[in-house]
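If you use our numbering, the sequence shown corresponds to residues 744 to 852, in order.
Note that beta-carbon positions come from the ideal geometry of N, C-alpha and C, so glycine has one too.
Quick caveat: nothing in here was measured; it's all calculated off a predicted structure.
Written below as structure tokens is the structure these notes are about.
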Amino acid sequence: MVELEQCPIGNAIECHLAAYNAAFYELGLSWHWDSDVFHVLQSLPCERDRIKKYMETHQSHLLKVYDADFLIDAIQTTKTRCFETLTENGAKKAAKVNWAEFQRAEVGV
């Protein structure tokens, strides 16, 4: 797991938010965390707890059909890869993209 202090580009929070949001999009989850959501989740001691809390409070319907640990593992793995891609390519600033908006677009409109 990559900690906030290890972010080599710009604002560490923005860097991790960009990686989380890209991971959510890649996994087909129409979630979007902003800095306020991320700040609230930072009160929890570890990344797994943060993701689980978000699922329990905002996406509880998913827990009826998916195992929480399965989803958390998928999110963490994808987020780590997105973070590494972002930072290894020498980005100077984290992209601010609401990936969830892309999933709401209608084809042919």
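Distance from the CA of S803 to the CA of A811, rounded to the nearest whole angstrom, comes to 10 Å.
No residue range can be given for Y809, since it is assigned to no alpha helix (DSSP H) and is classified by DSSP as neither H nor E. Here T821 is buried, its C-beta having at least 16 other C-beta atoms within 10 Å. Under the DSSP assignment, D779 falls in the alpha helix (DSSP H) whose first and last residues are 778-784.
Nearest C-alpha to Y797 among D816, C758, V808, W776: W776. For H801, the uninterrupted alpha helix (DSSP H) run begins and ends at 790-801, by DSSP.
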